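> Before anything else, here's the structure in question.
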Amino acid sequence: MYSALLLSALLMTQTPPAGLTINVQKLPVTYTQAPVVHLEFTAKGAVETCAVKQSSGNASIDKVACQQAQAQVKYPVKKNQKLSPLDMSVAFVAAPAPAPAQ
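Residue 656 in my numbering is what sits at position 99 of the sequence shown, and the numbering runs on without skipping anything.
Structure (structure tokens):
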């Protein structure tokens, strides 16, 4: 029983795996971590609602995380399946600077 409680506690504290990776030219200085969004789905598997569950430290990044999740995530639906909400981490990565021209 102790190991089941420990495993449950570990799972609750871990950040959900990144479902999306967004490349940006530059990350804001206030960006501290990948935001975690909470998604709810329509019967057809499209994202119906998105809410920021854990902020990145930057409101603009959080907003883009939800916009990208709504545009790119589709829940695979099986016949007569009840769709469960999903928490997802959205990773933002700064693109490397281009090599200087010679």
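Idealized CB from N, CA, C, for every residue including glycine.
Every value quoted in this text rests on a predicted model; they were computed, and no experiment measured them.
So the candidates are ALA603, LYS601, VAL621, GLU605; which of them puts its Cα closest to the Cα of TYR588?
Counting from one through the sequence shown, the residue named residue 588 turns up at place 31. The shortest Cα separation from TYR588 among ALA603, LYS601, VAL621, GLU605 belongs to VAL621.
> Go ahead and label VAL650 buried or exposed: buried means 16 or more other beta carbons lie within 10 angstroms of its beta carbon, across all protein chains shown.
Start at 1 with the first residue of the sequence shown, and residue 650 comes out as number 93. Label assigned to VAL650: exposed.
> Please classify PRO633: is it buried, with 16 or more other beta-carbons within 10 angstroms of its beta-carbon, or exposed?
Locating residue 633 in the sequence shown gives position 76, where the first residue counts as 1. It counts as exposed.
> Just how far apart, CA to CA, sit LYS639 and ALA600?
Taking the first residue of the sequence shown as position 1, residue 639 is located at position 82. Taking the first residue of the sequence shown as position 1, residue 600 is located at position 43. Taking the straight line from one Cα to the other gives about 8 Å.
> For PRO592, count neighbouring Cβ atoms within 10 angstroms of its own Cβ and tell me buried if that reaches 16, exposed if not.
By 1-based counting over the sequence shown, the position of residue 592 is 35. Looking at its Cβ environment, which holds 16 or more other Cβ atoms inside 10 Å, PRO592 is buried.
> Would you grab the beta carbon distance between ALA626 and LEU596 for me? Rounded to a whole angstrom, and I think it's under 8 Å.
Numbered from 1 along the sequence shown, position 69 holds the residue referred to as residue 626. Numbered from 1 along the sequence shown, position 39 holds the residue referred to as residue 596. That belief holds up - the Cβ atoms of ALA626 and LEU596 are roughly 6 Å apart, short of 8 Å.
> Determine whether the beta carbon atoms of ALA652 and VAL581 lie at a separation below 9 Å.
Along the sequence shown, one-based indexing puts residue 652 at 95. Along the sequence shown, one-based indexing puts residue 581 at 24. The answer is yes: Cβ separation under 9 Å.
> Pull the bridge partners of THR578 from the DSSP assignment, please.
Position 21 of the sequence shown, counting from 1, holds the residue named residue 578. ALA648, per the DSSP bridge assignment.
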